[in-house]
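Position one of the sequence shown corresponds to residue 811 (this note's numbering), numbered consecutively onward.
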Amino acid sequence: MMERNELELEQPVVEKEEVEVEDVEEEIEETMEDFMDQINDSFKDLRRGDLVDARIIQVLGDSIITDISYVQDGVVYEQELVKKASEYKENETLKLIIIDFSKEGQVVLSETKAQRQFGQAILEDAVANNSTFEGEILKTAKGGFRISVSGVEGYLPFSLYQSRYLENPEELVGTKTLLKVEKNDNRGYVFTRLPIEKEIYDKVKRDFYQAHQKGDVVEGRLEGFNRGGVVVNVDGMRGFIPRSEVSYSRETKAEDLISEGDVLKLVIRELSERDEKLILSLKDLIEDPWSRIDEEVAVGDVFEVYPNGENQNFYFYELVEGIQGSLFKKDLPVEVKGTENAHVLEVVSIDKERKRIELSYYFEVDAYEEEEADEENSNSIGNLFGDALKGLKFD
């Protein structure tokens, strides 16, 4: 009985060993297949112009040695590399093209020619399908840039880089940008970035108008001045500050308060995606002088000021900074018109709701005129005959 039980217990162990042997045999078969594939690859027929995948196995002073899964290693001399040999590292992978075979059977390869072949394929696809590709700006030349697309060079005029005037183009040398083919003839490729710029701008515009509304406070960088006001850039959008929205004071020039390059906090007054309108205000974040009108101006106050504007019916005057008053032109004395003298004005009324102050010309009465007026009053019939007429009765 004991022997039978021992045999029954040993049986599963035998089955397990058989399974392990089968696994090992399968692994050996797979390894042999891989080895045979490698041998077959090493004897594959390579020709000049073939593109191969390569792995760097050694970096020398002026060349690199690569494994290209062939019976012989491949060599790439520095003049056929896109950068110095010392800048490459072992195990780095490259796309190369076969350009020759040495007498010793070594495969001579080129990275630059391989890149140009890829670049040419990229550009042919761009011409056929109007596709976008990446190019590197190599240098400036004759009103534009020399561009490399995987080793294939072309020309990008400054005017086709962006729609606005391009300042300091030299600063872009060495950078990469997305491009399209503008034209291709026997003189080479001409590239353009304008469609890319428009795509970027359209997205920026759409995002901006979806994210903002009237009354929002935003930041803008001042780009320049013109007759009407100030041009600013707000998150890639072109905005405008009318001169009337720079300051409450009409006598203060925008150029005296702010300078190009300044980053300003601004309030959106108007915006329209359809019209691409973005009107902003700087003064909306400043205290309105009319909020302290009671401290600054009162009816009866007299000011000696010069007009700072006019229309068909009125002269306008700044009484205190940011607070204007108006005078009917017909109320200005003839003898004052056309002179360089300041106008002496008196506050007649103040309309706080409409923010308007009505003025009148102030005629100052001097002491001599007052004395003459008193004498005239004292020489009246009543004063001369008053005593004599006392006691007289009239029916």
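For each residue, glycine too, the CB sits at the ideal point set by N, CA and C.
Which word fits residue i, buried or exposed, when buried means at least 16 other C-beta atoms lie within 10 angstroms of its C-beta?
i	result
residue 954	buried
residue 1099	buried
residue 1116	exposed
residue 1173	exposed
residue 1023	exposed
residue 1069	exposed
residue 972	exposed
residue 1020	exposed
residue 951	exposed
residue 999	buried
residue 1152	exposed
residue 1149	exposed
residue 870	exposed
residue 913	exposed
residue 1051	buried
residue 896	exposed
residue 1110	exposed
residue 929	buried
residue 1235	Outside the modelled stretch of the chain, which goes from 811 to 1205, sits residue 1235, for which no answer is possible.
residue 1055	buried
residue 975	exposed
residue 1034	exposed
Measure the CB-CB distance between residue i and residue j and report whether it falls below 9 Å.
i	j	result
residue 927	residue 900	no
residue 983	residue 947	yes
residue 1066	residue 1079	no
residue 1003	residue 986	no
residue 934	residue 988	no
residue 1133	residue 1106	yes
residue 918	residue 884	yes
residue 886	residue 874	yes
residue 902	residue 866	yes
residue 1032	residue 1057	no
residue 970	residue 956	no
residue 882	residue 916	yes
residue 1114	residue 1077	no
residue 1016	residue 1038	no
residue 1146	residue 1171	yes
residue 1087	residue 1028	no
residue 1126	residue 1138	no
residue 1160	residue 1103	yes
List the whole-angstrom C-beta distance separating residue i from residue j, where the pair is believed to meet the contact cut-off of C-beta under 8 Å.
i	j	result
residue 907	residue 924	4 Å
residue 1030	residue 1046	Wrong, their Cβ atoms sit about 11 Å apart, outside the cutoff.
residue 1060	residue 1118	5 Å
residue 1040	residue 1064	5 Å
residue 1129	residue 1167	7 Å
residue 1169	residue 1158	6 Å
residue 1007	residue 1001	With 8 Å as the limit, residue 1007 and residue 1001 do not qualify as a contact, their Cβ atoms being about 13 Å apart.
residue 858	residue 909	6 Å
Just list the residues that DSSP pairs residue i with in beta bridges.
i	result
residue 942	In the DSSP output, where bridge partners are listed per residue, residue 942 has none listed.
residue 864	904
residue 1128	1134
residue 1062	Residue 1062 is not bridged to any residue.
residue 1022	In the DSSP output, where bridge partners are listed per residue, residue 1022 has none listed.
residue 1039	1052
residue 886	874
residue 992	Paired residue(s): none; residue 992 is not in a bridge.
residue 932	Answer by DSSP bridge pairing: none, since residue 932 is not bridged.
residue 1149	BP columns for residue 1149 are empty, so no partner.
residue 956	949 and 965
residue 1081	1088
If you run the structure through DSSP and keep just helix, strand and coil, what is residue i?
i	result
residue 872	coil
residue 1052	strand
residue 983	coil
residue 1109	coil
residue 1030	strand
residue 896	helix
residue 968	helix
residue 1005	helix
residue 923	helix
residue 1173	coil
residue 974	coil
residue 1159	strand
residue 999	strand
residue 1068	coil
residue 913	coil
residue 1144	coil
residue 1057	coil
residue 1086	coil
residue 1096	coil
residue 881	coil
residue 1075	strand
residue 1016	helix
residue 850	Residue placement at residue 850 is poorly supported in this model, since its pLDDT is 48, which falls under 50; the coordinates still yield a value, given next. Residue state, collapsed to three classes: helix.
residue 1166	strand
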